[in-house]
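Okay, structure first, notes after.
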Amino acid sequence: MKKAGILNRHLAGALAELGHGDGVLVCDAGMPIPDGPRVVDLAFRAGVPAFAEVLDGLLAELVVEGATAAQELRDANQEVSALLEGHFPGLRLVSHERLKELSEEARLIVRTGEARPYANVLLRCGVFF
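Quick note on our numbering: the sequence shown kicks off at 1012 and runs consecutively.
And the structure:
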């Protein structure tokens, strides 16, 4: 058994398969999940696990070269907005409808138990060298 890092075998395996430029959508429990991308659903109950916890765990495992979120986030969920802008100074903002369209191109979707609006971010994988 792994001693540290991500223990969920489905998530650990999916992360190991990602390559440069692949998209990973980290989303709240209310985000529509498109057909196609691999989905790892971590939602246990409302708020568990929290978006911030899942994002921090993923960022410890991934190299991210870009991130996109919904522009509605700034007004509707200032806590997550500040979190994302802190992690990603070049955070790209698009409409929520556009984010849903972009999520269809993601290779992996990680669903959290977050129950606050617009707690979603599309990460673009980078490389470690």
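By construction, the Cβ of each residue, glycine as well, lies at the ideal position given by its N, Cα and C atoms. Please read these numbers as outputs of a predicted model, since none were measured by experiment.
Go to Asp1033, then tell me how far its alpha helix (DSSP H) extends in each direction, as first and last residue.
Neither: Asp1033 is in no alpha helix (DSSP H) and is coded neither H nor E.
Buried or exposed: which applies to Phe1062, given that a residue is buried once 16 or more other Cβ atoms fall within 10 Å of its Cβ?
Buried, since its Cβ has 16 or more Cβ neighbours within 10 Å.
List the DSSP bridge partners of Leu1119.
Its beta-bridge partners are Val1035, Arg1049.
Below 6 Å CB to CB, which residues in the same chain sit around Ala1023 once its five sequence neighbours on both sides are set aside?
The residues are Ile1017.
How many Å lie between Val1037 and Gly1047 at the Cα?
Val1037 and Gly1047 have their alpha carbons spaced roughly 15 Å apart.
Leu1029 versus Leu1119: straight-line alpha-carbon distance, rounded:
So the two alpha carbons sit approximately 8 Å from each other.
Going by DSSP in three states, Leu1070 sits in which element: helix, strand or coil?
Of the three classes helix, strand and coil, the one that applies to Leu1070 here is helix, per DSSP.
In this structure, how does DSSP classify Leu1104 when only helix, strand and coil are distinguished?
Three-state DSSP puts Leu1104 in a strand.
Going straight from the alpha carbon of Gly1097 to that of Glu1116, what length do you get?
Rounded to the nearest whole angstrom, the C-alpha separation of Gly1097 and Glu1116 is 25 Å.
If you draw a straight line from the alpha carbon of Ala1054 to that of Phe1140, how long is it in whole angstroms?
So the alpha carbons of these two residues sit roughly 33 Å apart.
Just curious, the beta strand (DSSP E) that Ala1093 is in, first and last residue?
Looking at the DSSP string, Ala1093 is not in any beta strand (DSSP E); the run it does join, the alpha helix (DSSP H), is 1089-1098.
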